[in-house]
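*Asks:* Protein sequence lines, in the order shown, are assigned to chains L and G. 0 is the number of the first residue of the first sequence in numbering that gives the first Met the number 0; add one for each residue after it. 0 is the number of the first residue of the second sequence in numbering that gives the first Met the number 0; add one for each residue after it. For every residue, glycine included, the Cβ atom is placed at its ideal position computed from N, Cα and C. Here the structure is a predicted model, which is why all the values come from computation and not from measurement. Pasting a structure here, questions to come.
2 protein chains.
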Amino acid sequence: MRYIANPYQCPVTRTMSIIGGKWKPIILNCIGDKSLRFGKLNQLIPAISNKVLSGELKELEDLALIERREFNELLPRVEYRLTKSGQSLIPLLHELANWGNTNLAKKLENAIK
Amino acid sequence: MRYIANPYQCPVTRTMSIIGGKWKPIILNCIGDKSLRFGKLNQLIPAISNKVLSGELKELEDLALIERREFNELLPRVEYRLTKSGQSLIPLLHELANWGNTNLAKKLENAIK
DNA sequence: AATAGTAGTAACCTGTAGGTAACCAGTATT
DNA sequence: AATACTGGTTACCTACAGGTTACTACTATT
Chain L
0 MRYIANPYQC
10 PVTRTMSIIG
20 GKWKPIILNC
30 IGDKSLRFGK
40 LNQLIPAISN
50 KVLSGELKEL
60 EDLALIERRE
70 FNELLPRVEY
80 RLTKSGQSLI
90 PLLHELANWG
100 NTNLAKKLEN
110 AIK
Chain G
0 MRYIANPYQC
10 PVTRTMSIIG
20 GKWKPIILNC
30 IGDKSLRFGK
40 LNQLIPAISN
50 KVLSGELKEL
60 EDLALIERRE
70 FNELLPRVEY
80 RLTKSGQSLI
90 PLLHELANWG
100 NTNLAKKLEN
110 AIK
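The structure is reproduced here in structure tokens:
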């Protein structure tokens, strides 16, 4: 496989533009194989504001990595779950996590702050 | 494996902070198993400015992903190559590229611009 | 009638990754 | 004596990801 040295055509950069954000890998991982409501996600990830969470969810939906389902019952609710494509990212995320754990655990504590 | 829903402690985010930049995966991939000079890298990646290239190389060196070797010969030169740790990233980059190619090829052409 | 929970929006602000352009000292070429 | 190449540095600028705060309309609870 050959890479072209231009980020706009680079497949790694392309993947990064999806999972490279601050919250997307965390959101994907939190959802996992469950079907979660907005509020539940907000609880699981307390550091995210609901504006940002809402934006990220919309982007993930546009990328067809998650599915948004509205239930118009007496008290209406919304649930999010991974699509096939989204599920296929999970093992990749785990590998990234592993690499980070084995290769960088201490080295980065300060760098990341 | 359990993730804590906070990017500063998230191992995926940790890894991302290294390869998640615009140029780092490209640089790592360009070096590959070779030993490249600054100027050569600049040629291979024409879209990067030498200020940014210089900065990225410094960061990659700080992270011990590449090695910088100065040769103080008649015309002094500098060569960069991957460390063991840097080499261990290459397969991961390939997987990211693969995922991007199979799952997103078209979907993102516009999104990324 | 007041408060809390639902799933968000709207307006505004900020930090920083990345970009541009000019410059450096030393050597080699023309 | 002028220009180009080496491997960078410095100062300055900008776009945008992400953050903060306040607000919405609806229902349920007390």
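In three-state DSSP terms, what is Leu62(L)?
*Replies:* It is coil, neither helix nor strand.
*Asks:* Tell me whether Glu55(L) sits in a helix, a strand or coil according to DSSP, three-state version.
*Replies:* Helix.
*Asks:* Suppose contacts are defined by Cβ-Cβ distances below 7 Å. Is Pro24(G) in contact with Val51(L) by that definition?
*Replies:* No, Cβ-Cβ distance for Pro24(G) and Val51(L) is not below 7 Å.
*Asks:* Expressed to the nearest angstrom, what Euclidean distance is found between the alpha-carbon atoms of Asn97(G) and Ser87(G)?
*Replies:* So the two alpha carbons sit approximately 17 Å from each other.
*Asks:* Quick check on this structure: which residue in Asn102(G), Arg13(G), Phe70(G) has the alpha carbon closest to the alpha carbon of Thr82(L)?
*Replies:* Minimum Cα distance to Thr82(L) is reached at Asn102(G).
*Asks:* So who's on the other strand from Glu78(L), going by DSSP bridges?
*Replies:* According to DSSP, which records beta bridges pairwise, Glu78(L) is partnered with Arg36(L), Arg68(L).
*Asks:* Can you confirm whether Pro6(G), when its beta carbon is compared against all beta carbons of chain L, has any partner nearer than 7 Å?
*Replies:* So yes, Pro6(G) belongs to the interface.
*Asks:* Under the three-state reduction of DSSP, which class applies to Ile18(L): helix, strand or coil?
*Replies:* In the structure shown, Ile18(L) sits in a helix (DSSP, three-state: H, G or I).
*Asks:* Let's test the definition: count the other Cβ atoms within 10 Å of the Cβ of Ser53(G) and tell me whether it reaches 16, buried, or not, exposed.
*Replies:* So Ser53(G) counts as exposed.
*Asks:* Alpha carbon to alpha carbon, what distance is there between Asn41(L) and Ser48(L)?
*Replies:* Cα to Cα, the separation comes out at about 8 Å.
*Asks:* Going straight from the alpha carbon of Asn109(G) to that of Leu64(G), what length do you get?
*Replies:* Its pLDDT being 44, under 50, Asn109(G) is placed unreliably in this model, and the coordinates cannot settle the point.
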